[in-house]
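One structure below.
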Amino acid sequence: KELQTIIVEEADHAVLAWNTAKWAVEKGGRPVLAAIQSRCEGLISRARLAGVGPDPDDLSEEQRGELEMFGILSHQSFKGVEMKQGADLITALMKHLVQHAVIGSFGGKEK
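All residue numbers for the sequence shown refer to the numbering used here, where the first residue is 2 and numbers rise by one.
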């Protein structure tokens, strides 16, 4: 139950963040969109280039596997998710933002 509550709350935070980004693009125009795109591209590049190091603790493979069943990822697993699924998700969200943002929709002229 607690984990489900955390998942729902984090999903709500993610939606709020992307709605805020959409609003900022609509309010600030192309410079804001370019800044968001640049930041996301930087995060994706950093994630894909990040080295996967050893786990910071001395847990056995079996112990790490048991923790992962509860959503506690090892350093290596976390980096794998960040490098693949995280980058794919941000790319898809940016594509959606670019396609659906209405530049200057708050009465200002397009920037």
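Every residue gets a Cβ at the ideal spot worked out from N, C-alpha and C, and that includes glycine.
Tell me where the alpha helix (DSSP H) around Glu27 begins and ends. Note, Glu27: alpha helix (DSSP H), Glu3 to Gly29.
On the three-state DSSP scale, how would you describe Met70? Collapsing the DSSP output to three states places Met70 in coil.
Straight-line Cα distance separating Gln64 from Arg40: So the alpha carbons of these two residues sit roughly 36 Å apart.
Report the three-state DSSP secondary structure of Ser61 (helix, strand or coil). Secondary structure of Ser61 (DSSP, three-state): coil.
Own chain, CB closer than 7 Å to Glu10, minus 5 neighbours either side, in chain order: Within the same chain, no residue comes within 7 Å of Glu10 by CB-CB distance, once the 5 residues on both sides are set aside.
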